[in-house]
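Comments concern the structure below.
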Amino acid sequence: EAQVTQNPRYLITVTGKKLTVTCSQNMNHEYMSWYRQDPGLGLRQIYYSMNVEVTDKGDVPEGYKVSRKEKRNFPLILESPSPNQTSLYFCASSLSPSGSYEQYFGPGTRLTVT
Amino acid sequence: GQQLNQSPQSMFIQEGEDVSMNCTSSSIFNTWLWYKQDPGEGPVLLIALYKAGELTSNGRLTAQFGITRKDSFLNISASIPSDVGIYFCAGNYINQFYFGTGTSLTVIP
Numbered sequence: 001e002a003q004v005t006q007n008p009r010y011l012i013t014v015t016g017k018k019l020t021v022t023c024s025q026n027m028n029h030e031y032m033s034w035y036r037q038d039p040g041l042g043l044r045q046i047y048y049s050m051n052v053e054v055t056d057k058g059d060v061p062e063g064y065k066v067s068r069k070e071k072r073n074f075p076l077i078l079e080s081p082s083p084n085q086t087s088l089y090f091c092a093s094s095l096s097p098s099g100s101y102e103q104y105f106g107p108g109t110r111l112t113v114t
Numbered sequence: 001g002q003q004l005n006q007s008p009q010s011m012f013i014q015e016g017e018d019v020s021m022n023c024t025s026s027s028i029f030n031t032w033l034w035y036k037q038d039p040g041e042g043p044v045l046l047i048a049l050y051k052a053g054e055l056t057s058n059g060r061l062t063a064q065f066g067i068t069r070k071d072s073f074l075n076i077s078a079s080i081p082s083d084v085g086i087y088f089c090a091g092n093y094i095n096q097f098y099f100g101t102g103t104s105l106t107v108i109p
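So the protein lines, in turn, are chains X and C. Following the numbering used here, the numbering of the first sequence begins with 1 at its first residue and continues without gaps. Following the numbering used here, the numbering of the second sequence begins with 1 at its first residue and continues without gaps.
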């Protein structure tokens, strides 16, 4: 089954404790992206990657890091999480390097930073 | 970042009624997209629009890409209970995506 998976689905952590949210897709997609969703603000793009070893900042990259060492995986790293990073995070992928527009979204990761 | 203004914020309608929502931007986009999000899930693409003026249908859904490239609308005809959810517009410009704030749709049977 074609899908985007994220782990963990739920995470509660404390300020400053480094964490990684994994994202994996099995569709051989080149474009992958991370979003955060906050009430009243819709989805905002954090980082995106057009291919292995190619990553770019989205609209809200501050406080986040990403890497793309393999085509299927695109982890999101919070080196020193803060409470304002409490949010619902989505990973997405699509076929084309320019986005293809048929983005497939993962199920989401709900992060709480206390 | 680019701002997308989506309206209305919420709608409560009777089953069978038609629905209309729209999105405007201060900047032009190359592509307009409409997504639906059900509770606890990620957004799912409903319609993609690639050219200014384009009018596209997907079943009971119809969407248009505005001539100015700064706006788009989505219509849902003859609403049914499973149309309930949050609808998002999104614009694509040079590999980046910008989303509207969403329209929450409630359908009353």
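Beta carbons: idealized from backbone N, C-alpha and C, even for Gly. Since we're looking at a predicted model, the values are computed, not measured.
Within its own chain, the residues whose Cβ lies closer than 6 Å to the Cβ of A92(X), once the five positions on either side in sequence are excluded, are S33, Q103 and F105, listed in chain order.
The alpha-carbon of L55(C) is positioned some 14 Å away from that of N22(C).
For the segment 53-82 of chain X, the set of residues with a beta-carbon nearer than 8 Å to any beta-carbon of chain C comprises D56, G58, D59 and V60, in chain order. At the C-beta level, Q14(C) and I86(C) stay beyond 8 Å of one another. Residue environment: V14(X) is assigned as exposed (fewer than 16 neighbouring CB atoms within 10 Å of its CB, all protein chains considered).
Chain order gives the chain C residues near Q103(X) as L45, where near means a beta carbon separation below 7 Å. Here A90(C) is buried: its Cβ has 16 or more other Cβ atoms, across all protein chains shown, within 10 Å. The C-beta distance from I46(X) to G58(X) rounds to 5 Å, short enough to meet the 8 Å contact threshold. At a beta-carbon threshold of 7 Å, the residues of chain X lying near T101(C) are G40, L41 and G42, ordered along the chain. Nearest to K17(X) by C-alpha distance, out of R72(X), P39(X), G63(X) and G108(X), is G63(X).
For the C-beta of G42(C), the chain X residues within less than 7 Å are, from N- to C-terminus, F90, F105, G106, P107 and G108. Residue burial annotation: Q64(C) is buried, with at least 16 other C-beta atoms found within 10 angstroms of its C-beta. Under the Cβ distance rule, M27(X) does not count among the residues neighbouring chain C, no pair being separated by less than 8 Å. Put simply, of P81(X), S87(X), G42(X) and Y48(X) the residue whose alpha carbon is nearest the alpha carbon of R9(X) is S87(X). The alpha-carbon of F29(C) is positioned some 27 Å away from that of D83(C).
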